[in-house]
Amino acid sequence: MNILILGSGGREHTLAWKLSQSKALTSLFVAPGNAGTAKIAKNRPIGVNDFDNIKKLVFAESIDMVVVGPEDPLVNGVHDFFLNDAQLQHVAVIGPQKAAATLEGSKEFAKEFMMRHGIPTAAYQSFTSNNLGEGYAFLESLQPPYVLKADGLAAGKGVLILNDIEEAKAELKKMLVDGKFGSASATVVIEEFLSGIELSVFVLTDGTGYKVLPTAKDYKRIGEGDTGLNTGGMGAISPVPFADTGFMNKVHERIVKPTVEGLKKDNLPYKGFIFIGLIKVGDDPKVIEYNVRMGDPETEVVIPRIKNDLVTLLKATADGTLDETELKVDNRTAATVMLVSGGYPGSYEKGKQLTGSESITDSLVFHAGTILKDNQVVTNGGRVMAITSFGDNFKEALEISYANAEKVHFDRMNYRKDIGFDL
Ligand code: AMP
Ligand code: GLY
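Now the structure itself:
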């Protein structure tokens, strides 16, 4: 089987690493990829939204399956692009069609989906510039903090949590009237604030059958103690210690099952990963958001714990035979630490020479923002490299990752030293 992965982050390097272990794999391509994927697959300099050049590559290399890493091409309809082209229809695409990808592409759509199918989530109302006054009145009916969400994709920046009512009203106006997040904030969802601890549950579905993959918890803030700006994710742990059997039974019955059944009832074809962002309120799970892909850096801890052959698992997803497959999971804990560029998530420099990662033997090294330049690895993004280790618990796993982080060098390298601090 010839497989193409779309994307260039740590998630895609991890998927490439896992797929490349399969006997069922013939050739593996990554577009555009990074310095890590270059070592185990063939990188091609094609953007994830460049559907015409993706099509050319699929023909040229007789690709049988496309695994879509990020949300953007899914929300832009890459799966539909394949289905609507007679010459591409035979290629399996892992990732939902555009209609189902709206679960991530529109917060309002996701909230309506949850309401329709009785899936627990925060109470909400949505507003446009036509009913700004009603938006102010709704804010006044709530207790602080106020949660404002741009409806559309806003590169992870579209959620504001504010303590002051006047500030909340001003921000609502900026989003709706002044286009703070462009067209993404033409509609704003205002939500009840939920207080609890967050975790993520990942599901692989073929549209009918599904497998609940290992849980993970990521650390989104740049600063220790969960302070400072939001990032794409600074580290992750799997499994999540507090997600015990009782809690996971609730997640399964109240959230995962109605989600997969709801997709089917609503005629939203879905073959791929569902990432459910959850918050544990008291002892009960509630959905914060859906993403229509794997998480990053959650992939770097979830995928290494899966013992199954990933080509076989994804083939079953494409063929609609997931129910016949048994998922096997490594009982150990995996933890990852993300090494980032100094200044990230604000402005930072790229092109810094990276050394030392080759000497790491007892962790998995997943490249994120790296590129090969004159055969040297140099930095090419804010999040540069994830170091994943196994242990009997997350502390043991982290100890190994932190020891190995010390071996990696690039100018102004930064990482959080307190992953798992809240567990
Ligand atoms: P989202 O992009 O929807 O995941 O929101 C980003 C972050 O905002 C989440 O990871 C939560 O930490 C926080 N958040 C979102 N919605 C709520 C809510 N209703 N109550 C409390 N925190 C929230
Ligand atoms: N780590 C969060 C995400 O992938 O959206």
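Going by the numbering used here, 139 is the number at position 112 of the sequence shown; the sequence numbering is gapless.
Where a beta carbon is used, it is the ideal one built from N, C-alpha and C, also for glycine.
Near ligand 2, meaning a Cβ closer than 5 Å to any of its heavy atoms, lie the following residues in chain order: 245, 260, 322, 323.
Closest option to residue 135, judged by alpha-carbon separation, among 446, 356, 214: 214.
In the DSSP assignment, residue 443 falls outside any alpha helix (DSSP H), carrying neither H nor E. Within its own chain, the residues whose Cβ lies closer than 8 Å to the Cβ of residue 90, once the five positions on either side in sequence are excluded, are 29, 30, 31, 56, 84, 118, listed in chain order. DSSP links residue 250 through a beta bridge to 254. Under DSSP, residue 332 takes part in no beta bridge, so it has no partner. Comparing alpha carbon positions, the residue from 142, 82, 131 closest to residue 113 is 82. Contiguous alpha helix (DSSP H) elements confined to the region 307-392 occur at 326-329, 337-346, taking only those with 4 or more residues.
Pairing residue 372 with residue 258 gives a Cβ-Cβ distance under 7 Å. Judged by DSSP in its simplified three-state form, residue 238 adopts strand.
Taken from the Cβ of residue 304, at least one heavy atom of ligand 1 lies inside 6 Å. Only residues of its own chain outside the window of five on either side were considered, and among them 45, 240, 241, 340, 354, 355, 356, 357 have a CB closer than 8 Å to the CB of residue 333, listed in chain order.
When only Cα atoms are considered, residue 204 and residue 195 end up about 14 Å apart. Under the three-pair Cβ rule at 8 Å, the region 405-423 counts as touching the region 369-385.
DSSP places residue 173 in the strand class (E or B) of the three-state scheme. For the pair residue 262 and residue 363, the CB atoms are nearer than the 7 Å cut-off. In this structure, the beta-carbon distance from residue 390 to residue 330 does not fall below 7 Å.
Comparing alpha-carbon positions, the option among 34, 67, 38, 50 lying closest to residue 77 turns out to be 34. The Cβ-Cβ distance between residue 445 and residue 38 does not fall below 7 Å. In the DSSP assignment, residue 80 falls outside any beta strand (DSSP E) and within the unbroken alpha helix (DSSP H) covering 78-87. Every unbroken stretch of the beta strand (DSSP E) spanning 3 or more residues and falling wholly within the region 87-153 is given here in chain order: 92-95, 119-121.
For secondary structure counted as the beta strand (DSSP E) over 3 or more consecutive residues, the region 153-226 holds these complete runs in sequence order: 173-177, 186-189, 215-218. Nearest Cα to residue 228 within the set 219, 326, 189, 295: 326. Going by beta carbons, residue 306 and residue 223 fall inside the 7 Å limit. In the DSSP assignment, residue 301 forms a beta bridge with 230. Within its own chain, the residues whose Cβ lies closer than 6 Å to the Cβ of residue 450, once the five positions on either side in sequence are excluded, are 268, listed in chain order. Sequence-distant partners of residue 308 (beyond 5 residues in either direction) whose C-beta falls short of 6 Å from its own C-beta, in its chain, are 221, 223. When rounded, the separation of the alpha-carbon atoms in residue 234 and residue 406 is 38 Å. Taking the Cα positions, residue 116 is about 6 Å away from residue 109.
Distance from the CA of residue 311 to the CA of residue 393, rounded to the nearest whole angstrom, comes to 34 Å. Going by DSSP, residue 58 is part of no alpha helix (DSSP H) but of the beta strand (DSSP E) stretching over 54-59. Annotated three-state conformation of residue 275 is helix, per DSSP.
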